[in-house]
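Enquirer: Under the working numbering, the first residue of the sequence shown is numbered 845, with each subsequent residue one higher. Where is the CB? At the ideal position from N, CA and C, for every residue including glycine.
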Amino acid sequence: MQSSMVNEFKALNDVRKAFAEKEDEYLDFMFEDYRFIVHGLLPDERSDAVELCKGGLDMKLTRQNVDDYCKLHVEYFLNASSPQMKIVRKGIEFITTAKLVQNMGWRYAEERCCGRIDVNPDYLMRFTSYQDHLQPENSKVRQWFWEILSELPQPDRQLYIRFVQGQPRLPVDLNALQHRHTICGTKQRGASVLSLPQTDMCFFKVYLPEYPSKAVMKEKLVFAIRAAVDISLDAHND
């Protein structure tokens, strides 16, 4: 839920609480200009006001109708994005047909649109390419990488995916991606064998030095994925 909507709900709760606890003189002073509208709290701003009910522009907030006032506001905020959602649904139905959408379970639809929550290393391995010192099949760093990823719990696996491509879920069909998951060396980047892993999110690439041991590699990789800054603008709006 967006923080702005949370603030609106908190404000409504404060209004309800005030009408339950305060004296009439206080209410008349604090809520004199309140009407059954959204936006345009002050009289000179009401040209753009949205009425919550018929005649809402002229309906004063009172102790008797405060519950209706709060209820209508909640309904408005919860349905404010309905026009946009209708357009989104129209686009989905155009691609998949309405009948198919109606038969989708919510989890299947979520996976198709947002990707799978669980990260399967074996599945990711099938669609991974290698460069530099990781190209040989007997590369120790290559072997260690998959062992480490398989040993990590799901939350850390998701952090790795976010680290390497910017968001924590893999699409259902990795074969449809424009860029394959690619593990590269770091010599051309001038990194030492004790440097942290690096990524190129736009191209789904991770760069791994020739670490001296699996333990060192795991330490560096785990630190990097947990310390990485989230680039998602929506990451903190839930």
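Excluding five sequence neighbours on each side, which residues of the same chain lie with their C-beta closer than 7 Å to the C-beta of L896?
Expert: F880, I881, V882, L916, H917 and Y920
Enquirer: May I ask which residues mark the beginning and end of the alpha helix (DSSP H) holding H917?
Expert: V910 to L922
Enquirer: Roughly how many angstroms lie between the CA atoms of Y1055 and M1061, to the nearest whole one?
Expert: 6 Å
Enquirer: Whole angstroms are fine: how far does the CA of D858 sit from the CA of L993?
Expert: 48 Å
Enquirer: Helix, strand or coil, according to DSSP, for S926 in the structure here?
Expert: helix
Enquirer: With burial defined as no fewer than 16 other Cβ atoms inside 10 Å of the residue's Cβ, what is the status of Q1032: buried or exposed?
Expert: exposed
Enquirer: In this structure, how does DSSP classify L1014 when only helix, strand and coil are distinguished?
Expert: strand
Enquirer: Count the other CB atoms within 10 Å of the CB of L922; is the residue buried (16 or more) or exposed (fewer)?
Expert: exposed
Enquirer: Residues in the same chain with beta-carbon distance under 6 Å from L1040, minus the five sequence neighbours each way, listed in chain order, please.
Expert: K1064 and A1068
Enquirer: Tell me which residue opens and which closes the alpha helix (DSSP H) that D1000 is part of.
Expert: Q998 to Q1009
Enquirer: Indicate the three-state DSSP secondary structure (helix, strand or coil) for V859 in the structure shown.
Expert: helix
Enquirer: With three or more C-beta pairs closer than 8 Å as the rule, is the segment 1001 to 1019 touching the segment 976 to 984?
Expert: By the Cβ test, the segment 976 to 984 is not in contact with the segment 1001 to 1019, since fewer than three Cβ pairs between them sit closer than 8 Å.
Enquirer: For F1048 versus L1021, is the C-beta distance shorter than 9 Å?
Expert: yes
Enquirer: Considering Cα atoms alone, identify which of E876, A1059, G959 and L1014 is closest to K984.
Expert: A1059
Enquirer: Quick check: what's the CA-CA separation for Q928 versus R956?
Expert: 20 Å
Enquirer: In the DSSP output, what is Q1042 paired with across the bridge?
Expert: In DSSP, Q1042 forms a bridge with Y1051.
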